[in-house]
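K.L.:
Take this structure, written in structure tokens, and hold onto it; I'll ask about it next.
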Amino acid sequence: MSPTPPARRLRLHLPRRMFAQVLLMQVAIAAGVAVLATGLFLAPLSDQLDDQAMRRALAIAQTTAAQPQIAEDLTDTPATAGGPVQREAERIRTATKAEYIVVMDRRGVRWSHPTPSEIGRLVSTDPGQALAGHDVMQIDSGTLGRTARGKVPLRDGDGKIVGAVSVGIAYDSVRARLLHAIPGLFAYAGGALAVGALAAWLISRRVQRQTRDLAFSDISALLAEREAMLHGIREGVVALDRGGRIRLLNDEARRLLGIGDEAVGRSLDEALGEGRTADVLAGRVTGTDLLTVRGQRVLVANRMPTDDGGAVATLRDRTELEQLGRELDSTRGLIDALRAQDHEHANRMHTVLGLLELEMYDDAVEFVGEVVGDHRATAEQVAERIQDPLLAALLVGKATVAAERGVALSLADRTGLPDRLIDPRGLVTIVGNLVDNALDATAGTPHARVEVELQAEGRTATLRVRDTGPGIPEAQRELIFTEGWSTKQRPAHRERGIGLPLVRRLAERQGGSATVGEAAGGGAEFTAVLPEALAEADLEPALTVPSDPHAHTVAEEESR
Numbered sequence: 070m071s072p073t074p075p076a077r078r079l080r081l082h083l084p085r086r087m088f089a090q091v092l093l094m095q096v097a098i099a100a101g102v103a104v105l106a107t108g109l110f111l112a113p114l115s116d117q118l119d120d121q122a123m124r125r126a127l128a129i130a131q132t133t134a135a136q137p138q139i140a141e142d143l144t145d146t147p148a149t150a151g152g153p154v155q156r157e158a159e160r161i162r163t164a165t166k167a168e169y170i171v172v173m174d175r176r177g178v179r180w181s182h183p184t185p186s187e188i189g190r191l192v193s194t195d196p197g198q199a200l201a202g203h204d205v206m207q208i209d210s211g212t213l214g215r216t217a218r219g220k221v222p223l224r225d226g227d228g229k230i231v232g233a234v235s236v237g238i239a240y241d242s243v244r245a246r247l248l249h250a251i252p253g254l255f256a257y258a259g260g261a262l263a264v265g266a267l268a269a270w271l272i273s274r275r276v277q278r279q280t281r282d283l284a285f286s287d288i289s290a291l292l293a294e295r296e297a298m299l300h301g302i303r304e305g306v307v308a309l310d311r312g313g314r315i316r317l318l319n320d321e322a323r324r325l326l327g328i329g330d331e332a333v334g335r336s337l338d339e340a341l342g343e344g345r346t347a348d349v350l351a352g353r354v355t356g357t358d359l360l361t362v363r364g365q366r367v368l369v370a371n372r373m374p375t376d377d378g379g380a381v382a383t384l385r386d387r388t389e390l391e392q393l394g395r396e397l398d399s400t401r402g403l404i405d406a407l408r409a410q411d412h413e414h415a416n417r418m419h420t421v422l423g424l425l426e427l428e429m430y431d432d433a434v435e436f437v438g439e440v441v442g443d444h445r446a447t448a449e450q451v452a453e454r455i456q457d458p459l460l461a462a463l464l465v466g467k468a469t470v471a472a473e474r475g476v477a478l479s480l481a482d483r484t485g486l487p488d489r490l491i492d493p494r495g496l497v498t499i500v501g502n503l504v505d506n507a508l509d510a511t512a513g514t515p516h517a518r519v520e521v522e523l524q525a526e527g528r529t530a531t532l533r534v535r536d537t538g539p540g541i542p543e544a545q546r547e548l549i550f551t552e553g554w555s556t557k558q559r560p561a562h563r564e565r566g567i568g569l570p571l572v573r574r575l576a577e578r579q580g581g582s583a584t585v586g587e588a589a590g591g592g593a594e595f596t597a598v599l600p601e602a603l604a605e606a607d608l609e610p611a612l613t614v615p616s617d618p619h620a621h622t623v624a625e626e627e628s629r
């Protein structure tokens with residue numbers, strides 16, 4: 070026989086959508102509150118109605134006992150169905166709609182009763198407290214059933230207790246009042262529940278719009294995917310609220326901006342400091358693919374507003390791409406220079422060949438000596454004055470490129486730099502950017518000339534690059550140091566407006582400065598002061614690097 074299949078357990082399936090679940094939960098809460106409020110109201114209502122009935126019975130008894138004629142008739146007339154006490158008690162009972170009014174003497178014998186046959190008999194409940202002078206309120210059962218009772222002593226004109234008055238109100242009328250109140254109470258509760266359900270529906274509809282009708286499981290999955298995506302992508306992501314405060318940073322953004330979790334909840338100016346990076350992320354600078362420099366990193370930022378008034382900014386690290394682009398420019402320049410040198414070398418060889426064929430041997434020797442001597446003199450002059458091999462190699466290479474472009478590149482007479490640079494690559498970046506800018510400004514102009522001056526005083530290195538170009542208008546002398554600003558056409562492979570901001574940033578990192586002014590003979594003169602560029606004279610340089618005539622940390626920028 071096959072085993073009996075297990076009984077299937079009945080499961081209550083809740084709706085998947087957040088809208089439906091929120092609506093169901095809110096309606097359930099509203100219904101529960103309505104039922105609870107109704108129960109809490111009904112529980113004391115019965116006691117309140119009982120108390121009101123007993124107080125009403127007591128008030129009727131007190132009013133009856135306050136009439137002196139009843140006390141006189143009680144002492145002067147017999148207890149009969151047609152006696153004056155019975156008549157007065159019935160009159161009051163009819164007027165007040167009480168269940169009964171019983172007047173008794175001190176023995177507990179009734180002198181009045183709604184049922185005449187009960188007159189002259191003892192009461193069914195103990196009247197001792199009332200005959201002792203106390204007012205009594207109670208719910209009790211007697212010959213007429215369960216009633217709300219009030220008992221008071223009956224006094225004569227001298228204040229002596231001669232009997233008691235007991236008044237009863239039918240308990241059925243109290244219960245009827247309670248039952249009569251229940252439908253109205255339920256109506257109010259139903260109305261409150263309807264209002265609560267409507268409010269719940271409106272709130273749920275708003276939740277539905279804001280959550281795009283997603284299920285809780287979908288939202289949970291989206292959050293998990295968001296965390297994985299944010300911390301897994303190689304782009305920095307910065308989320309801002311409507312007040313411009315940082316509310317989210319992924320790992321790459323922390324790395325690129327050099328900040329940590331303490332920046333969350335702070336404004337961009339507080340977290341990053343004032344500058345172009347904060348302006349770009351805050352939206353004070355508009356555009357797409359905006360360039361900014363953070364530390365030694367070249368970043369490309371884009372900003373997208375969100376529906377809640379905030380924004381999400383993305384950051385890409387273009388440092389290596391900028392370096393590759395500038396190295397490509399440098400390589401192209403060197404290739405052009407080598408091609409020109411090859412052409413010039415061919416012309417010289419033809420000249421030498423012609424001199425030899427004409428048997429002008431002495432002239433040929435003199436011509437070869439002049440050609441070799443000029444190039445050697447330039448290299449020796451640079452190496453003698455610039456003792457750092459990396460920087461000397463850079464200037465020799467730049468002299469070759471300058472000659473090809475028709476620009477005379479020379480060192481000032483006062484130039485002298487010992488081999489004690491702490492950060493040669495940083496100075497190479499500064500010199501390379503400034504020389505390239507000067508070559509771009511002077512190339513193609515008559516008598517183009519660029520002069521480089523490097524001086525050392527103690528631990529301070531001062532660089533000046535002068536050119537005979539058109540110069541920098543005074544109104545733009547600070548603007549040219551802004552990231553992304555340039556007057557030149559953008560190359561296809563990289564952005565403009567990086568080199569000069571990087572020059573100033575490198576100078577300021579060492580406590581120095583980078584400025585521009587007008588050269589003595591016209592043109593522009595860039596000055597970079599680096600107070601901590603050199604090691605002490607009796608110490609070895611803190612950083613030594615192999616000579617490389619084209620090495621740059623972030624290659625030169627032609628921006629002006």
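Residue numbers (the working numbering): 70 to 629.
Every residue gets a Cβ at the ideal spot worked out from N, C-alpha and C, and that includes glycine.
Output needed for Leu262: all residues of its chain with C-beta closer than 7 Å, excluding positions within five of it in sequence on either side, in chain order.
P.N.:
Around Leu262: Ala99, Ala100 and Ala103.
K.L.:
Output needed for Gly197: all residues of its chain with C-beta closer than 7 Å, excluding positions within five of it in sequence on either side, in chain order.
P.N.:
none
K.L.:
Mind checking Thr361: buried by the 16 CB within 10 Å criterion, or exposed?
P.N.:
That one is buried.
K.L.:
Does DSSP classify Val497 as helix, strand or coil?
P.N.:
helix
K.L.:
Using three-state DSSP, classify Asp505 as helix, strand or coil.
P.N.:
helix
K.L.:
The beta strand (DSSP E) spanning Ala233 covers which residue range?
P.N.:
Its beta strand (DSSP E) spans residues Ile230 to Ala239.
K.L.:
Is the CB-CB distance between Glu141 and Thr216 below 8 Å?
P.N.:
no
K.L.:
Quick one: what does DSSP say Arg474 is sitting in, helix, strand or coil?
P.N.:
coil
K.L.:
So is Gly260 buried or exposed if we call it buried at 16+ other beta carbons inside 10 Å?
P.N.:
Taking every protein chain shown into account, the CB of Gly260 has fewer than 16 other CB atoms within 10 angstroms, so this residue is exposed.
K.L.:
Please report the straight-line C-alpha distance between Leu425 and Asp536, rounded to a whole angstrom.
P.N.:
41 Å
K.L.:
I'd like the span of the beta strand (DSSP E) that includes Asp310, first residue to last.
P.N.:
Neither: Asp310 is in no beta strand (DSSP E) and is coded neither H nor E.
K.L.:
Label Ile549 either buried or exposed according to how many other C-beta atoms from any shown protein chain fall within 10 Å of its C-beta, with 16 as the threshold for buried.
P.N.:
Answer is buried; the Cβ neighbour count reaches 16.
K.L.:
Residue ranges of each beta strand (DSSP E) run of no fewer than 3 residues wholly in the stretch 185–230, ordered along the chain?
P.N.:
Fully enclosed beta strand (DSSP E) runs of 3 or longer: 205–211 and 214–224.
K.L.:
To the nearest angstrom, how far is it from the Cα of Ser487 to the Cα of Gly513?
P.N.:
Position check: residue 487 holds Pro in this sequence, whereas Ser was assumed. Taking the straight line joining both Cα atoms gives about 34 Å.
K.L.:
In this structure, does DSSP put Asn416 in helix, strand or coil?
P.N.:
The answer is helix: DSSP assigns Asn416 an H, G or I state.
K.L.:
On the three-pair Cβ rule with 8 Å, is the stretch 489–502 touching the stretch 584–591?
P.N.:
Result no; under three Cβ-Cβ pairs closer than 8 Å.
K.L.:
If distances are taken between C-alpha atoms only, which option among Asp195, Leu200, Gln545 and Glu473 comes closest to Thr511?
P.N.:
Glu473
K.L.:
Looking at the secondary structure, which residues open and close the beta strand (DSSP E) in which Gln586 lies?
P.N.:
Before going on, a small fix: residue 586 reads as Gly here, not Gln. Note, Gly586: beta strand (DSSP E), Ser582 to Glu587.
K.L.:
What is the rounded straight-line gap between the Cα of His182 and the Cα of Ala258?
P.N.:
44 Å
K.L.:
Assign Glu577 to buried or exposed, taking buried as 16 or more other Cβ atoms, counted over all protein chains shown, within 10 Å of its Cβ.
P.N.:
exposed
K.L.:
Since Glu522 is in the beta strand (DSSP E), which residue starts that stretch and which ends it?
P.N.:
Arg518 to Glu526
K.L.:
Can the beta-carbon of Ala597 be found closer than 8 Å to that of Ile455?
P.N.:
no
K.L.:
How is Ile170 classed by DSSP in three states: helix, strand or coil?
P.N.:
strand
K.L.:
Quick one: what's got a C-beta closer than 6 Å to Ala561's C-beta in the same chain, skipping five residues either side?
P.N.:
In this predicted model, Ala561 has a pLDDT of only 45, less than 50, meaning its place in the structure is not dependable; the value taken from the coordinates is given anyway. Closer than 6 Å at the Cβ level, and outside the excluded window around Ala561, lies no residue.
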